[in-house]
Amino acid sequence: MMVVERTLPVLLNGPGLEGDDLSRISALTGLAPLAGEGADPECPVVDLIREGEVEALGDALRGTAVAVVEHLAGAVFPDAALGRALAGNSLYISLSTRTAWSLDTAAAVADGLIARAMMPDYLRHDVELSLHEAVINAVLHGNLGLGSTLVDDPAAFDTFCRRLTQTLELPERACKRVEVEAWRTDTQLWVRIADQGDGYDPATVVPATLQSKSGRGLVIMRQLSAGMEVTNGGRTVILGFAV
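First residue of the sequence shown? That's 93 in the numbering used here, and the numbers climb one at a time after it.
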């Protein structure tokens, strides 16, 4: 991993959060809140965005914060994952399942990687499409547990859409997190996408082709990346891209 030494402290930026929430997260993470007039504008920040503020999340993802975390009321805050990412100097993003599905997550993250000088423009297509497939898998097959097949029959597809809508309304499913972490080495951009679903055994997946009705996401990611690894019981995919 490329280590970029930080000479300034990382601060929490949560202007829309209640004071108690910000204080609690500060205590969990050991990071001080961003103070209006006294803070050094050059300090790296963790952007905390309230649940459902999709426009603000999009802006944060496309910005320059070292981490973007959606704050979910009543849900466990990912302080351990955030701490590991900050220690490794990687970009960390944590979104609810509902937001990861409704936001154009892949495009926003790709914009952010370019804005943070982590990804050259020429990799935009391959990284964004790979992220798109990975996020869809994390949401549908991971956190929502909706199976692995989308069929062409219109009646069956309508049924699937109804199930999707109903499942997204279940707090125990919709508030599971989708995490994206990105870091650079001298020769590679690495992106990790993780969900909190039940997982699967990659060895049991029937190899697909681009002509298959399902399972094409893994094929696309494998073809567009310089390396792909599925870990954590199928809950995590790590993609490498040569830079």
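Every residue gets a Cβ at the ideal spot worked out from N, C-alpha and C, and that includes glycine. It should be emphasised that the depicted structure is a prediction, and the values quoted were computed from it without experimental measurement.
Straight-line Cα distance separating residue j from residue i
{"i": "LEU100", "j": "ALA165", "result": "30 Å"}
{"i": "ARG327", "j": "GLY289", "result": "7 Å"}
{"i": "GLU110", "j": "PRO263", "result": "21 Å"}
{"i": "MET320", "j": "ALA172", "result": "25 Å"}
{"i": "GLU145", "j": "PHE333", "result": "31 Å"}
{"i": "GLY204", "j": "GLY155", "result": "6 Å"}
{"i": "ASP132", "j": "HIS233", "result": "43 Å"}
{"i": "GLY237", "j": "GLU143", "result": "22 Å"}
{"i": "PRO170", "j": "SER186", "result": "8 Å"}
{"i": "ASP113", "j": "THR296", "result": "43 Å"}
{"i": "LEU153", "j": "VAL270", "result": "14 Å"}
{"i": "GLU225", "j": "ARG265", "result": "20 Å"}
{"i": "VAL227", "j": "CYS135", "result": "30 Å"}
{"i": "VAL335", "j": "ARG254", "result": "41 Å"}
{"i": "CYS267", "j": "GLY291", "result": "17 Å"}
{"i": "ALA198", "j": "VAL283", "result": "12 Å"}
{"i": "VAL231", "j": "ASN324", "result": "16 Å"}
{"i": "THR277", "j": "VAL102", "result": "22 Å"}
{"i": "VAL243", "j": "ASN229", "result": "Residue placement at VAL243 cannot be trusted, given a pLDDT of 48 that sits under 50; what the coordinates show is reported in the next sentence. Each residue's Cα considered, the two are about 15 Å apart."}
{"i": "SER115", "j": "PRO107", "result": "12 Å"}
{"i": "PRO212", "j": "ALA157", "result": "18 Å"}
{"i": "GLY309", "j": "ALA119", "result": "39 Å"}
{"i": "GLN286", "j": "PRO294", "result": "Before going on, a small fix: residue 286 reads as Ala here, not Gln. Spanning the two alpha carbons is a distance of roughly 15 Å."}
{"i": "ASN181", "j": "TRP275", "result": "7 Å"}
{"i": "ARG314", "j": "ALA167", "result": "34 Å"}
{"i": "PRO163", "j": "ARG176", "result": "Here the sequence assigns His to residue 163, which means Pro is not the residue at that position. Straight-line Cα distance between these residues: approximately 18 Å."}
{"i": "GLY239", "j": "VAL322", "result": "18 Å"}
{"i": "ILE206", "j": "LEU256", "result": "32 Å"}
Residue(s) in a DSSP beta bridge with residue i
{"i": "TRP282", "result": "TRP275 and GLY332"}
{"i": "SER186", "result": "VAL161 and GLU271"}
{"i": "ALA124", "result": "LEU103"}
CB contact check: residue i to chain B, cutoff 8 Å
{"i": "PRO107", "result": "In the displayed structure, chain B is absent; only one protein chain is listed."}
Residue i and residue j closer than 8 Å at C-beta
{"i": "LEU140", "j": "VAL161", "result": "yes"}
{"i": "TRP193", "j": "LEU260", "result": "yes"}
{"i": "ILE70", "j": "LEU104", "result": "In the structure displayed, the chain extends from 93 to 335; residue 70 sits before or after that span and is not available."}
{"i": "SER222", "j": "ILE330", "result": "no"}
{"i": "ALA318", "j": "GLN258", "result": "no"}
{"i": "VAL272", "j": "VAL201", "result": "yes"}
{"i": "LEU174", "j": "THR251", "result": "no"}
{"i": "ARG216", "j": "LEU183", "result": "no"}
{"i": "THR189", "j": "LEU149", "result": "no"}
{"i": "LEU316", "j": "ASP218", "result": "yes"}
Boundaries (first-last residue) of the beta strand (DSSP E) holding residue i
{"i": "ASP139", "result": "137–142"}
{"i": "GLU321", "result": "319–323"}
{"i": "LEU103", "result": "103–105"}
Segment limits, alpha helix (DSSP H) that includes residue i
{"i": "ASP171", "result": "171–179"}
{"i": "PRO263", "result": "263–266"}
{"i": "LEU223", "result": "216–228"}
{"i": "GLY309", "result": "308–316"}
{"i": "ASP151", "result": "146–153"}
{"i": "ASP293", "result": "From DSSP, ASP293 is part of no alpha helix (DSSP H); its letter is neither H nor E."}
{"i": "VAL201", "result": "197–207"}
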